[in-house]
Amino acid sequence: MAVGPDRITFWFGCNVLRHAELIRLSIMLLERAGYDVSAAGGPAYCCGTAHDHQPKAASTMSGRTVSRFNEAAASEGRGTVVTWCPSCHMHMADIMSPGSTAKFDVAHVTEMLADSADRLAPLLTVPVKRRILLHRHLGFRTHVPVNDRVRALLSRIPGLEIVEGPAQPGHMCSSLAAVPGALAVAAGETWDAAVANQCDTVCTIFHTCHRELVALEGRQNVHVRNWVHLIAEAMGIGASDEYRGWRNGGAPDVAAIEKAGERNYNTLIEPELRKPSPLPGSA
Amino acid sequence: MKLPPARCETTEAYLAEAGPHLASLCTACGACFDACPMVRYSGLAGADAKAVAMGLRQLAVGETANPDTVAWVGVCAKSGLCRSACPEQSAGLDAMLLIRIARQRAINDTRQLKPKYDQMAFPRVKTFARLQLTDEELAEWL
């Protein structure tokens, strides 16, 4: 099948599966921007970036994923893989494609949407009366100017005031979580900047930042939203952030826990939801 | 973005080839270390940047490096400032990739660094997926 410029594979990665609404809303935004979207992610589409200790396994995983995207390009004409996760994006550009023939292009979701901002802007009809602090990182701009792209998109939202937060090390908060003390400093500096700038919302760009910072939801009357949530809000689309609720004392309903497996929930999920927040001394 | 053409048949082969190549381009000037915002978390503030960078070259070819280099590559968070700070970037040296390869070699070859890997990461994300996705989404996306 001939490759079409509007036919894409949305490769959302693994860990954003904690935030299903971010996947669904991203697909919706890409579709509103005019793309025919097929979504793919999870361990079956692993990039291998987290497997530095298993080079052969990482190589097999990344080769398999490239093959699947090549197949989507050949059989469905999906010639662009659109990423969400910066780790996946960088791994594809720097390591996967030099090690496997990739018959597709790669773009980040924020690039695709920012390029379609004129098409999306008329849909942003609901004023979002928030003053946000944009939580930024230094990394990934080696590949995509993501902070600028998100700011460009958010600037189209009526009523929204944007303050740029201090750029934190790393490409997202998960890269800091593995380094003792680093995540607490990043979270603390972000929160302090939000309060100092009279912001009512911290806006995350990536899922792992969102995962960490939602534990601070409501602290000093500052709330946490992802940029996708804010665009949806401006479109009048309600988007429940279940992870944020679970991380702040809520829990999935019984049917969902049964579907996921009660034992898995108790051993794998609940400990994460109940872990301390990234800021010492906060609830 | 157009992806670069494949240079090898697997990523494992590519990384094995890229390490010595990048090491050969590195002059161990230390600009990468000086630019790194994670140095503050490595306990290496004030360390000899050139000596740390020299260790990168050693690790990238599978040789044991000094403990300072190992500590530094162990806290890499992919900030990427090393890449633009490197004076050899125009010659083809991707400092961030060199550091990544050095870290891999410190884990797998010289065994100076313990891997940080959550064995339950995949089971955990699969469980999160089953908590939230519909059967159709599970079937189509994963």
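These protein sequence lines map, in sequence, to chains A and B.
Quick note on this note's numbering: the first sequence kicks off at 1 and runs consecutively.
Quick note on this note's numbering: the second sequence kicks off at 1001 and runs consecutively.
The beta-carbon is built from N, C-alpha and C at its ideal position, and this holds for glycine as well.
Only a predicted model underlies this, so the values are computations on that prediction, with no experimental measurement involved.
Item, Value
"C-alpha gap between residue 1125 of chain B and residue 18 of chain A, whole angstroms", "7 Å"
"CA nearest to the CA of residue 273 of chain A, picked from A/109, A/245, A/280", "A/245"
"DSSP-derived helix/strand/coil call for residue 171 of chain A", "coil"
"Proximity of residue 280 of chain A and residue 184 of chain A at Cβ, strictly below 8 Å", "yes"
"Cutoff 7 Å; reference residue 1019 of chain B; Cβ partners in own chain excluding five residues on either side", "1060, 1061, 1101, 1105"
"Whole-angstrom distance between residue 15 of chain A and residue 31 of chain A, CA atom to CA atom", "22 Å"
"Beta-carbon proximity of residue 189 of chain A to residue 166 of chain A, cut-off 8 Å", "yes"
"Chain A contact for residue 1066 of chain B (CB, 8 Å cutoff)", "no"
"Burial state of residue 1043 of chain B, where buried means 16 or more other Cβ atoms lie within 10 Å", "exposed"
"Three-state secondary structure (DSSP) of residue 1088 of chain B", "coil"
"Where residue 14 of chain A meets chain B, residues with beta-carbon distance less than 7 Å", "1125"
"Rounded distance between the beta-carbons of residue 230 of chain A and residue 120 of chain A, thought under 8 Å", "Residue 120 of chain A to residue 230 of chain A, Cβ: 13 Å. No contact."
"Test: residue 1132 of chain B CB closer than 8 Å to a CB of chain A", "yes"
"Neighbour list for residue 1111 of chain B in chain A, Cβ cutoff strictly below 7 Å", "Result: empty, since nearest Cβ-Cβ is about 10 Å, beyond 7 Å."
"Beta-carbon spacing of residue 1077 of chain B, residue 1031 of chain B below 8 Å", "no"
"Beta-carbon gap between residue 225 of chain A and residue 203 of chain A smaller than 8 Å", "yes"
"CB contact check: residue 1141 of chain B to chain A, cutoff 8 Å", "yes"
"Cβ of residue 4 of chain A within 8 Å of any chain B Cβ", "no"
"Touching by the beta-carbon criterion (3+ pairs, under 8 Å), the region 67-78 of chain A and the region 98-110 of chain A", "yes"
"DSSP three-state assignment for residue 84 of chain A, whether helix, strand or coil", "coil"
"Closer than 7 Å at the beta carbon, the chain B residues around residue 218 of chain A", "Chain B residues near residue 218 of chain A: none, gap ~22 Å exceeds 7 Å."
"Where residue 36 of chain A falls: helix, strand or coil (DSSP)", "strand"
"Cutoff 8 Å: residue 1099 of chain B Cβ touching any chain A Cβ", "no"
"C-beta contact flag for residue 1028 of chain B and residue 1050 of chain B at 8 Å", "yes"
"Helix, strand or coil at residue 241 of chain A according to DSSP, with G and I counted as helix", "coil"
"Contact set for residue 1083 of chain B: own chain, Cβ-Cβ below 7 Å, skip 5 residues either direction", "1089, 1094, 1095, 1096"
"At least three beta-carbon pairs within less than 8 Å, the region 251-266 of chain A to the region 1129-1138 of chain B", "yes"
"Outcome for residue 283 of chain A when other beta-carbon atoms lying within 10 angstroms are tallied against a minimum of 16", "Because residue 283 of chain A carries a pLDDT of 48, less than 50, the predicted location of this residue cannot be relied on, and no value is offered for it."
"Touching by the beta-carbon criterion (3+ pairs, under 8 Å), the region 1109-1122 of chain B and the region 200-215 of chain A", "no"
"Helix, strand or coil at residue 134 of chain A [DSSP, three-state]", "strand"
"Beta carbon of residue 169 of chain A nearer than 8 Å to that of residue 1037 of chain B", "yes"
"Within-8 Å CB hit, residue 1008 of chain B to chain A", "yes"
"Cross-chain neighbours of residue 1115 of chain B in chain A, by beta carbon under 8 Å", "52, 53"
"Where residue 10 of chain A sits in the DSSP three-state scheme", "strand"
"Contact belief for residue 87 of chain A with residue 34 of chain A at Cβ below 8 Å, rounded distance in angstroms", "The pair is not a contact, with the Cβ atoms about 27 Å apart (cut-off 8 Å)."
"Reduced DSSP secondary structure (H/G/I, E/B, other) of residue 203 of chain A", "strand"
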